[in-house]
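Data first, discussion second: the structure below is written as structure tokens.
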Amino acid sequence: MQRVEGLVMRATGSWYEVLYGEKILSCRMRGKLRLRGVRSTNPIVVGDTVVCECGEDGEWIIVDIAPRRNYIIRRASNLSKESHIIAANIDRAMLVVTLIEPVTATEFVDRFLVTCEAYKVPATILLAKIDLLSEESIAEFHRIYEGAGYEVIDISATQGIGVERVKEMLAGKTTLLSGNSGVGKSTLIGAIDPTIEIRTGEISDSFHKGKHTTTFSTMYRTADGFIIDTPGVKGFGLIDIDDKELWHYFPEMISRAGECRFFNCTHTHEPHCAIIEAVKSEEIAYSRYESYLKILDEDDKYRK
1478 MQRVEGLVMR ATGSWYEVLY GEKILSCRMR GKLRLRGVRS TNPIVVGDTV VCECGEDGEW
1538 IIVDIAPRRN YIIRRASNLS KESHIIAANI DRAMLVVTLI EPVTATEFVD RFLVTCEAYK
1598 VPATILLAKI DLLSEESIAE FHRIYEGAGY EVIDISATQG IGVERVKEML AGKTTLLSGN
1658 SGVGKSTLIG AIDPTIEIRT GEISDSFHKG KHTTTFSTMY RTADGFIIDT PGVKGFGLID
1718 IDDKELWHYF PEMISRAGEC RFFNCTHTHE PHCAIIEAVK SEEIAYSRYE SYLKILDEDD
1778 KYRK
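The opening residue of the sequence shown carries number 1478 in this note's numbering; numbering runs sequentially from there.
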């Protein structure tokens, strides 16, 4: 019986494409792998290193999963207790954000970044379609997120702006590309490596939101590394993050929380709270603080 170790490049829930050397193996999952107490809806994900065995019938079966060094996870559905792991073993997450056609909600951005902080995945924001934006809106976005400690790269895949910078960051790395539908992830991947064929979709006129073009997460090999293209998502529910620790995942709060009067300050109502004062003085963007409060409120509903 042949036994090999490979990298999961595509996961549909029923079949998995596993890279072994220069070959792609089509594999099924051994049923008992689902019984390990994992609450995730998808026990095997893109980016996993797995052990595969080939049976006498020639069918490849995934029999084991190597420990993950990190992953990106979100709540499977509204108020669900199950999670959905988007991808694993990531060197960097790049979140593609658009301020027009469609508009990416700041709360979505902040939730994604909190998850990256919580699961130790370095994050970079790609501000896309900048050829459609005013200088003022670009500058304001940079002020908010660079002020929070994140690198923001301006890009326009159709104009070639920022593409070379993104290519440099991909070299030798496994990079997750995420964002809402319609923000241009697939177009960006095509600009990075024209040999990769990905179906791109138009913006839906009826809802002015992007149509889903990627159904399953897929990893693509480029000349310099790996890109994981993910399905466009509308919301990003957090899971397994304690309310008392939530502020730890907002870098701009971490740098100031030691100045609060109370060591157990929740940064919501206490007097002499350095975070609240920083929001008032606009050192911390109000939109970021508002996201913090909304996440706390959602967690209260989830526990009920």
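Beta carbons are placed, not taken as given, at the ideal position from N, Cα and C, and that holds for glycine. Every value quoted in this text rests on a predicted model; they were computed, and no experiment measured them.
{"Asked": "8 Å contact criterion, which Gly-1524 and Met-1696 should meet: CB distance rounded", "Found": "7 Å"}
{"Asked": "Sufficient close CB pairs (3 or more, under 8 Å) joining the segment 1743 to 1762 to the segment 1591 to 1600", "Found": "no"}
{"Asked": "Buried versus exposed call for Met-1478 [16 or more other C-beta atoms within 10 Å across all chains shown]", "Found": "exposed"}
{"Asked": "Glu-1729 at chain C interface by Cβ criterion, 8 Å", "Found": "Absent from the structure is chain C; it holds one protein chain and no more."}
{"Asked": "Residue burial classification, Glu-1494 (beta-carbon count within 10 angstroms, cutoff 16)", "Found": "buried"}
{"Asked": "Secondary structure of Met-1646, DSSP reduced to three states", "Found": "helix"}
{"Asked": "DSSP three-state assignment for Cys-1529, whether helix, strand or coil", "Found": "strand"}
{"Asked": "Where Thr-1489 falls: helix, strand or coil (DSSP)", "Found": "coil"}
{"Asked": "One or two residues paired with Ile-1704 in a DSSP bridge", "Found": "Thr-1652 and Tyr-1697"}
{"Asked": "Selection from Ile-1615, Gly-1624, Ile-1621 and Tyr-1622 that minimises the alpha carbon distance to Asp-1631", "Found": "Ile-1615"}
{"Asked": "Euclidean distance between Cα positions of Ile-1521 and Trp-1724", "Found": "30 Å"}
{"Asked": "CA-to-CA distance, Pro-1579 to Ser-1681, given in whole angstroms", "Found": "Since pLDDT at Ser-1681 reaches only 36, below the 50 mark, its modelled position is unreliable, and the value read off the structure follows with that caveat. When rounded, the distance between both Cα atoms is 10 Å."}
{"Asked": "Uninterrupted alpha helix (DSSP H) stretches inside the segment 1721 to 1769 (no shorter than 4 residues)", "Found": "1728 to 1731 and 1751 to 1757"}
{"Asked": "Simplified DSSP state of Gln-1636, which is helix, strand or coil", "Found": "coil"}
{"Asked": "Rounded Cβ spacing between Asp-1720 and Leu-1773 (contact assumed at less than 8 Å)", "Found": "6 Å"}
{"Asked": "Touch test, the segment 1616 to 1626 against the segment 1527 to 1535, Cβ-Cβ under 8 Å, three pairs minimum", "Found": "no"}
{"Asked": "Boundaries of the alpha helix (DSSP H) in which Lys-1662 is found, first to last residue", "Found": "1662 to 1669"}
{"Asked": "Spatial neighbours of Gly-1483 in its chain, beta-carbon cut-off 7 Å, leaving aside the 5 residues before and after", "Found": "Val-1495, Leu-1496, Tyr-1497, Leu-1502, Val-1527 and Cys-1529"}
{"Asked": "His-1685 versus Arg-1642: straight-line alpha-carbon distance, rounded", "Found": "Low per-residue confidence applies at His-1685: pLDDT is 37, beneath 50, and the placement is therefore not dependable, though the value from the model is reported in the following sentence. The alpha-carbon atoms of His-1685 and Arg-1642 are separated by roughly 30 Å."}
{"Asked": "Cβ-based burial, Tyr-1622 [other Cβ within 10 Å; buried from 16]", "Found": "buried"}
{"Asked": "Element boundaries [alpha helix (DSSP H), containing Thr-1518]", "Found": "Here Thr-1518 belongs to no alpha helix (DSSP H), and DSSP marks it neither H nor E."}
{"Asked": "Chain-order list of residues whose beta-carbon lies under 8 Å from that of Thr-1518 (same chain, five-residue window excluded)", "Found": "Ala-1553, Glu-1559, Ser-1560 and His-1561"}
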